[in-house]
Amino acid sequence: MYKAGVIGCRGIGVQHATGITGSDKARLAAACDLDQNMLDEFSARFPDEEVVQYQNHREMIEKEQLDIVTVATSDHAHATLVIDAAEGGAKGIFCEKPLATNLADADRMIAACEANDTLLSVDHPRRWWPLWRHAKEQIVDQGVIGPVQHVISHLNGPRAMLFRNGTHLLDVICYFAGAPPRWVVGDLEAGYEDYTEYRGDGGHVPETEPGANAYIHFANGVKGFYAGGSKSTHNHKYVAEIIGTSGRIFLGGSDEGILYLQDQDPELITPPAWPVVGIPAAVGELIDVVADGGQLVSPGRAGLTVVELIIGILESQQQGNAPIALPLSRD
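Here my numbering is used: the first residue of the sequence shown is 281, the next is one more, and so on.
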């Protein structure tokens with residue numbers, strides 16, 4: 281039975297823990313948060329578990345010798361936690377999105393995990409929603425709509441924030457495009473023209489991050505269109521459309537999917553029923569892959585790609601909306 285610990289005990293951390301307690305291969309052994317009240321509330325949610333509490337993550341990692349560590353802290357606080365967990369012997373780490381808020385941190389996280397043979401999974405949860413997985417694996421990958429030509433995603437409303445929420449649908453574009461991005465053109469929301477690096481507060485105040493729009497060219501010729509704001513747009517966020525040569529798919533949420541094929545009436549997409557979905561399913565998958573082998577659906581390098589796209593969008597804005605080659609130069 282693997283020992284698992286959660287860093288960051290608010291609502292998302294609770295979902296992480298639910299993925300641990302739902303596994304027959306791991307137990308929830310420890311939790312870490314700077315706020316003792318959060319720790320107490322967290323422990324109270326899992327009365328059947330013997331959760332050792334910590335306010336220092338290094339102390340938790342050293343004393344508990346954890347196999348699985350999950351990171352549910354603010355967007356800009358992931359790097360040190362992931363690196364310390366990898367260097368402390370964790371076999372698997374589940375990290376919230378975005379992987380990091382700058383390229384240097386993301387690179388250090390990937391390097392630490394690879395150097396220590398630590399599996400790293402990034403929480404882009406649509407990859408664990410049955411509708412979106414079914415659309416990818418059983419429709420797109422099976423050629424039902426023909427070769428994919430375009431992937432279009434929308435993120436609108438007052439929380440159209442590039443780092444906080446934009447990471448979800450940039451990842452969706454990459455997921456359905458099925459190839460590495462080769463260049464990106466970005467355009468930031470009015471009023472953020474000089475936004476050159478992350479200035480957010482962990483996703484609490486929307487005004488600390490811009491909305492953005494982008495055009496992405498992939499190695500296989502797929503074109504990605506990301507409509508990510510401004511924040512004054514109508515609030516229908518997290519919409520995606522995948523367009524192939526002989527059909528298209530509309531995905532409007534966790535349970536709204538429509539398949540359009542040439543010369544046929546629209547068809548509702550009926551995904552399989554999963555007993556566990558979203559974040560708990562993602563944590564459970566990581567534990568299973570650590571235990572039994574296999575491939576992660578959202579590996580660390582996929583999370584790195586999204587960070588590169590975000591930074592590329594900022595760089596494009598600074599260069600007069602010029603195309604920015606990917607992967608980004610590390611100079």
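The C-beta atom is built at its ideal place from N, Cα and C for all residues, glycine as well.
Apart from the five residues just before and just after residue i, which ones in its own chain have a Cβ nearer than 6 Å to its Cβ?
i, result
"Ala494", "Val464, Gly466, Tyr506, Ile593"
"Arg407", "Val577, Ser578"
"Ser303", "Gly564, Ile567"
"Ala297", "Val286, Leu308"
Got a sec? Which residues, its chain only, sit under 7 Å from residue i by beta carbon, not counting five neighbours each side?
i, result
"Gly288", "Asp313, Val351, Ala352, Thr353"
"Pro579", "Leu400, Ser401"
"Met318", "Cys289, Arg290"
"Ala492", "Leu442, Gly446, Gly466, Asp467, Leu468, Glu469, Gly508, Gly509, Ile593"
"Glu588", "Leu383, Leu606, Pro607, Leu608"
"Trp412", "Arg406, Leu531"
"Gly558", "Pro405, Trp408, Trp409"
If you draw a straight line from the C-alpha of residue i to the C-alpha of residue j, how long is it?
i, j, result
"Ala635", "Ala380", "Any property of residue 635 remains undetermined from this structure, which presents the chain solely from 281 to 611."
"Gly583", "Arg388", "13 Å"
"Val519", "Ala571", "35 Å"
"Ile590", "Ala384", "13 Å"
"Ile306", "Gly285", "In the sequence under discussion, the amino acid at residue 306 is Ala, which differs from the Ile named in the question. So the alpha carbons of these two residues sit roughly 10 Å apart."
"Ile292", "Phe374", "12 Å"
"Ser512", "His484", "17 Å"
"His414", "Ile529", "11 Å"
"Ala391", "Phe326", "34 Å"
"Gly476", "Gln599", "The sequence shown places Thr at residue 476, rather than the Gly named in the question. Rounded to whole angstroms, Thr476 to Gln599 spans 11 Å at the Cα level."
"Tyr334", "Ala365", "14 Å"
"Ala457", "Lys283", "36 Å"
"Asn601", "Ala370", "41 Å"
"Ile363", "Glu595", "27 Å"
What does DSSP give as the partner residue(s) for residue i in the beta ladder?
i, result
"His484", "In DSSP, His484 forms no bridge with anything."
"Leu400", "Ile373"
"Ile287", "Cys312, Val351"
"Arg572", "Here the sequence assigns Asp to residue 572, which means Arg is not the residue at that position. None; Asp572 has no bridge partner."
"Asp467", "Asn493"
"Leu531", "Ala520, Gly537"
"Ile390", "Partner(s): none; Ile390 has no beta bridge."
Leaving out the 5 sequence neighbours to the left and right, which residues in its chain are closer than 8 Å to residue i when beta-carbon positions are compared?
i, result
"Val331", "Leu308, Ala309, Ala310, Ala311, Phe322, Ser323"
Problem set entry | Complete alpha helix (DSSP H) runs within the region 487-520 (minimum length 4 residues, chain order) | none
For this session: Kindly confirm or deny that the region 434-447 and the region 499-514 touch, where touching means at least three C-beta pairs closer than 8 Å.
Result: Yes, since at least three Cβ pairs between the region 434-447 and the region 499-514 fall closer than 8 Å, the two stretches touch.
Exercise. Do three or more CB pairs link the region 548-566 to the region 439-448 at distances below 8 Å?
Worked result: Flag = no, the region 548-566 and the region 439-448 do not touch.
Exercise. In chain order, which continuous runs of the beta strand (DSSP E) of length 3 or greater are located wholly inside the region 304-380?
Worked result: 306-312, 332-334, 348-351, 372-376
Exercise. Three or more C-beta pairs closer than 8 Å, one from the region 543-554 and one from the region 447-454: is that the case here?
Worked result: no
Exercise. Along the chain, which unbroken stretches of the beta strand (DSSP E) at least 3 residues long are found entirely within the region 394-452?
Worked result: 399-403, 428-434
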